[in-house]
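S.K.: For the sequence shown, the positions run 0 to 254 when numbering that gives the first Met the number 0 is used.
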Amino acid sequence: MSSRENLSRASVRARQAVRELKARLFPGDPYADLDAGFAAVRGRMADFTMTSVERQYALWKAVGHIESAGISGDVVECGVWRGGSSMLVALTLADLGAAPRDLWLFDTFSGMSPPGEFDLDPAGRPMTEQWHRHEGRVHDPVFAYCSLDEVRRNMASTGYPEQNIRLVPGPVEKTIPDQAPDRIALLRLDTDWYRSTRHELEQLWPRLSPGGVLVIDDYGHWAGARKAVDEYFAGRSDAPLLNRVDYSGRIAVKA
0 MSSRENLSRA
10 SVRARQAVRE
20 LKARLFPGDP
30 YADLDAGFAA
40 VRGRMADFTM
50 TSVERQYALW
60 KAVGHIESAG
70 ISGDVVECGV
80 WRGGSSMLVA
90 LTLADLGAAP
100 RDLWLFDTFS
110 GMSPPGEFDL
120 DPAGRPMTEQ
130 WHRHEGRVHD
140 PVFAYCSLDE
150 VRRNMASTGY
160 PEQNIRLVPG
170 PVEKTIPDQA
180 PDRIALLRLD
190 TDWYRSTRHE
200 LEQLWPRLSP
210 GGVLVIDDYG
220 HWAGARKAVD
230 EYFAGRSDAP
240 LLNRVDYSGR
250 IAVKA
């Protein structure tokens, strides 16, 4: 047997030993350490989002933070799909017994906007090419299509006060800043592409209260969103420390 074969077999045995050790040290549910309150909320909204458990938990903690720290302002989400993340916010605020905050949901409610030149998939391929292949198939999951009426029904299922839920249809480049609140406590960005993400940061970051939370859903997945974030904060004195939630999500507290 060659030395290369010996090395390969040793590597396989080492990986197997690591897996067995992890199984002994961390048996059962990998999320068993997460709060029971989060688990209850997640059970009511998980089917309405594509985000990971880690990103859901980070958002849940962010809501708790703005309440416990008394951060003033509304909650703004750009790019809502079926409304799952805003449902999480609404359910968490209700669980905390908090005074209702206005929840602003900005979306086209007709699927994703067309990508631009800076928008690449995780493999570095232009999304414009993939877009043209799917063009016209608006109900394809890749377009994140969900109607305004469906999102309204999903939000209503939380029991959150209807008068505090603001659904704003249209491209964010046309609805923001004119239809956005002046003061924001929690800002969640999930519109995937460079142009929309850059526009949201330029218009809404200045409105985020000190101590408020910024959530970037697409930083690690979509190159355009990452480029928009990096460019916007480059050289700014108020650039936050972006903490990694999972391979894609990032979260920060504004100083």
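Glycine is no exception: its CB is placed at the ideal position from the N, C-alpha and C atoms.
Remember, predicted model here, so these are calculated numbers, not experimental data.
(1) Below 8 Å between beta carbons: does that hold for I183 and G83?
(2) Taking just the CA atoms, how far does A89 sit from A45?
(3) May I have a chain-ordered list of the alpha helix (DSSP H) segments no shorter than 4 residues that lie completely inside the region 163-203?
(4) Is the beta carbon of D217 within less than 7 Å of some heavy atom of the ligand MN?
(5) By Cβ distance, which residues of its chain are closer than 7 Å to K226, with the 5 residues on each side in sequence left out?
(6) Unbroken beta strand (DSSP E) runs of length 3 or more, entirely within the region 202-249: which are they?
(7) Select from W130, C77, P114 and L95 the residue whose C-alpha is nearest the C-alpha of F108.
(8) Leaving out five residues on either side along the sequence, give the residues of the same chain with a beta carbon under 7 Å from the beta carbon of P121.
(9) Out of D148, V167 and M111, which has the shortest C-alpha to C-alpha gap to H131?
(10) Please classify A35 as buried or exposed, where buried requires at least 16 other C-beta atoms within 10 Å of its C-beta.
(11) Less than 8 Å separating the beta-carbons of A143 and W103?
M.R.: The structure says:
(1) The answer is no: Cβ separation not under 8 Å.
(2) Their backbone Cα atoms lie some 14 Å apart in a straight line.
(3) Complete alpha helix (DSSP H) runs here, min 4: 171-174 and 193-203.
(4) The ligand MN is absent from the structure shown, which contains no ligand whatsoever.
(5) Closer than 7 Å at Cβ, skipping near neighbours: F117 and Y193.
(6) Contiguous beta strand (DSSP E) elements confined to the region 202-249 occur at 207-215, taking only those with 3 or more residues.
(7) Nearest to F108 by alpha-carbon distance, out of W130, C77, P114 and L95, is C77.
(8) Answer for P121: H220, listed in chain order.
(9) Closest option to H131, Cα to Cα, is M111.
(10) Classification of A35: exposed, given that the 10 Å Cβ count is below 16.
(11) Not a contact, by the Cβ cut-off of 8 Å.
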